[in-house]
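Notes follow once the structure below has been shown.
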Amino acid sequence: MHFIALALFCTALAAALGASTNGGFDHRAHSVPGVDQTVYDIDNTGFEMVHLDGINSHSHYFEPGPPIVSGVIVSFSWLRMDTNRVFCTSVQCDVRLPVGTTDIQLTVVDNTGDTVSDSMQVTVLPRSSLTEPPRIEQLGPAEGPSTGENTVTLDGAYLYHDSKVYFGSQQALSVEHVDRSRITCSAPGGTGTVSVTVVSSMGTSNALSYTYQEGATVPIRFKHGTWKNEDNSQFIIEEITSIVLGRDHRYYLGSLLGTVTVVYVDRDLVVRSKCTGASMGADRSITGLGYNPLDPYARVFASVNTHFFESKGLRWDSGTVESIEVEADGCPRKGPTIISGLPTSNHDHGVSSISFLADGTMLISIGSFSNAGVSKPGDGIGGYPENPLSAAIAKAPYLRPGFNGNIKYDQYDDPSTANVIEGDVETYVTGLRNCFGIVRHSNGHTYLTDNGPNTGFGAMSVSCTEEADDPESEDKLIRAVAGMYYGHPNRNRGRSDARQCVFKDIEEESGNGYMKGMGTMSSSTNGIIEYRANAFQGSLKGDLLMSKVAFGAEGLVWRAELQPDGTALKTQPYEFYDQSGVALTQGLYGELVMPQLKKYTVLALTADEPGPKHVSITSVHPDRGVKEGGTEVFITGHFLNAHDLVIRFGGKACTNIVDIKYQHVRCVTPGGSGKVSVIASSGGKSSKSYGHEYEYM
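Residue numbering for the sequence shown is -18 to -1, 1 to 679, as defined by mature numbering (1 follows the signal peptide of the UniProt record, and there is no 0).
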């Protein structure tokens, strides 16, 4: 996946660019008609209705201004290439196509006048070709509340549009046929374990088990909302790529404009304070934010890049990690540079996500310079080869005394043969094309998302000297294990590590230092968090949630349920919510907060569940801190304004309780060790813990 001009995302669904009238500009508009489709004439009429969706089409144009001008698609034109007839001028449309193969072309125009076309094929097969009954390969989730109403995703094959879903003898409601390999539905109520089957005109599927959880009476549902101003108008913030909830309980938002904005948002999603700091400089963009619970200073770190560096007269090592400090007036300012000399591509990959290991070591995602390991001039992704630190997660022990973050190379003319000669930064894991999300899970593992390659953007490396045709694949969910290779080649490092010269298909099994991804998601899936709140009686706690970038579309949040040891998934990631943003964080009250890059809004999904009847804790932020204690935490829940309230961390009372409200308080942690429950007590009642709420580091 690429970052759209100056770091904006180019969805990995984008296929090879067609003819363009961009006047030599580094491609602005992208036509994305979608992948080829195969459907069946179920009704045996000789025709079938087909849904076409160009919502992922987008423009790379970005002018920081003032005024800011972002590229948007303003015109869509769908054409049947066999009849040379335009049949639709909307972003989405339904068309009745005959049995056989039809080539469809989508032409789009952006607001700069750039025009580009791309095509896809629709194959309509006759009913007589249908011989297979439906098949279910997995359910997600495979359990739910006895009341039903939770969304279940079925993945498999031959799931045609006349399919019905049954939980035992009860038919599921709200069935949506995503495609012939996926159905979503709303589970009916029930008890015990039942068999889930799919019935169509072709027969009945195999059965998979679904278990109703007694006492789990709260379905997982979120309510859609967005941040608002105090006058209830829409809160608008431009070109946000990254977001983190800081140690000071305020949100930090990084932008393509090179600015950080600090925002405090209340329980009702109303922005109560906002301050935007100065830009990091001309043509500088922020593409990642993070904070370290072990850092002695209450600061946030930002990854900063100048993309398309050649046109700016710069080198390929312009990426930095900057510290962001907050003044007494609540406004951010740039602090000392932590790391310099990081690779930034001549396109839109660069330094992005920032996370931290349990010992405080910084992890920094660095995007690739190539589509699949081979770089050539004019290849659509910058034309510069991989270098010592690209296509990897780097690690930096920046808290160590004497740490040197000033990276230098022995030469800069040829990145493919450059070597690091100075700086205390090295690779942690390798073989990542463009990871835009990293999360350190409470189970001790680190997980990340990685974007797959696109046809039309460059060949795959099959050895240190040989190549093959451009690959294309979905995005991956990865468990990062130090020293492992994840499949995107880097011939620079391949000089001493031959495995890194070989592209690995997304389905190839692990072995010989290569590690396969845990699961796959549609492109472009970027943000990732561990859900840590106690909402829904803890039934979502510990799961991974991942957000797909939405240009003009609503987007998608994926859910991944981990096995107890965290090394594998219970099922493949499945669709969880149908709206999303470019990045994702958990809010103070358990909400899912996602900036929407092209809509200039911040989406906030709040837990939709009945309130408890006595004191409860929803969330603790931060949920990690130093073992000596002394960390101010923001605790949310219910009935927290009781006069006799006591909050204990592993049995030790929290002190200095202030800002006391019905749904939140602030206090200072006692000392402790390991993972502990946080329990609130009042009136003879105590909150329930689901796992643990706080970890001492």
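Even glycine gets a Cβ: it sits at the ideal position worked out from N, Cα and C.
DSSP places Pro397 within a helical segment (H, G or I) once states are collapsed to three.
The segment 220 to 283 is shown to contain whole beta strand (DSSP E) runs of 3 or more residues at 222 to 227, 233 to 237, 242 to 247, 253 to 258, 267 to 272, in chain order. Taken through DSSP and simplified to helix, strand or coil, Gln645 comes out as coil. Pairing Glu30 with Ser57, the inter-Cα distance amounts to about 26 Å. Between Val90 and Ala11 a beta carbon distance of about 6 Å is seen, short of the 8 Å cut, so the two are scored as contacting. Linking Ala280 to Pro546 through their CA atoms gives a straight-line distance of about 33 Å. With a cutoff of 9 Å on beta-carbon distance, Cys483 and Ser455 are scored as not near each other. Here the C-alpha atom of Trp60 lies approximately 12 Å from the C-alpha atom of Gln103. For Arg630, the enclosing beta strand (DSSP E) has its first and last residue at 628 to 631. Across the structure, Asn93 and Lys581 are spaced so that their CA atoms are roughly 16 Å apart.
In this structure, the CA atom of Arg109 is about 12 Å from the CA atom of Gly82. When beta bridges are read from the DSSP output, Gln19 appears opposite Val104.
Gly476 sits in a helix when the DSSP states are folded into three classes. Val584 is a Cβ neighbour of Val575, given a cutoff of 9 Å. Under the three-state reduction of DSSP, Arg481 is assigned to helix. Under DSSP, Cys75 takes part in a beta bridge, and its partners are Leu34.
Around the beta carbon of Asp457, a 10 Å sphere encloses 16 or more other beta carbons of the protein chains shown; the residue is thus reported as buried.
If you ignore the 5 residues before and after Gly323, its C-beta comes within less than 7 Å of the C-beta of Asp299, Asn388, Ile389, Lys390, Gly405, all in its own chain and listed in chain order. C-alpha of Arg62 to C-alpha of Phe69: approximately 7 Å in a straight line. Contact holds between the segment 512 to 524 and the segment 591 to 609, because three or more Cβ pairs, one in each stretch, are under 8 Å apart.
A direct Cα-to-Cα measurement between Trp540 and Val134 gives close to 12 Å.
Of the residues assessed, Gly240 falls on the buried side of the cut-off, its CB having 16 or more other CB atoms within 10 angstroms. Residue environment: Asp452 is assigned as buried (16 or more neighbouring CB atoms within 10 Å of its CB, all protein chains considered).
Looking only at Asn425, Pro325, Pro359, Tyr468, the smallest Cα-Cα distance to Val402 is reached by Pro325. Within its own chain, the residues whose Cβ lies closer than 8 Å to the Cβ of Leu339, once the five positions on either side in sequence are excluded, are Leu345, Lys377, Arg422, Thr428, listed in chain order. About 4 Å separates the beta carbons of Ser285 and Gly270, which is inside the 8 Å limit, making them a contact pair. Spatial neighbours of Gly364 in its own chain (CB-CB distance under 7 Å, excluding positions within 5 residues in sequence) are listed in chain order as Ser327, Asn328, His329, Phe351. Under the DSSP assignment, Met576 falls in the beta strand (DSSP E) whose first and last residues are 574 to 578. When Cβ pairs closer than 8 Å are counted between the two stretches, the segment 135 to 146 is seen to touch the segment 182 to 189, the count reaching three or more. A direct Cα-Cα distance of roughly 11 Å separates Ile661 from Tyr676. Excluding its 5 nearest sequence neighbours in each direction, Glu45 has C-beta neighbours in its own chain below 7 Å: Val51, listed in chain order. Here Arg382 is exposed: its Cβ has fewer than 16 other Cβ atoms, across all protein chains shown, within 10 Å.
Pairwise C-beta distances place the segment 624 to 634 in contact with the segment 647 to 654, as three or more of them are shorter than 8 Å.
Measuring C-alpha to C-alpha distances from Lys486 to each of Asp479, Met497, Val411, Gly476 identifies Met497 as the nearest. For Gln120, same chain residues with a beta-carbon under 7 Å away, outside a window of 5 residues either side, are Asp137, Thr553, Gln554 in chain order.
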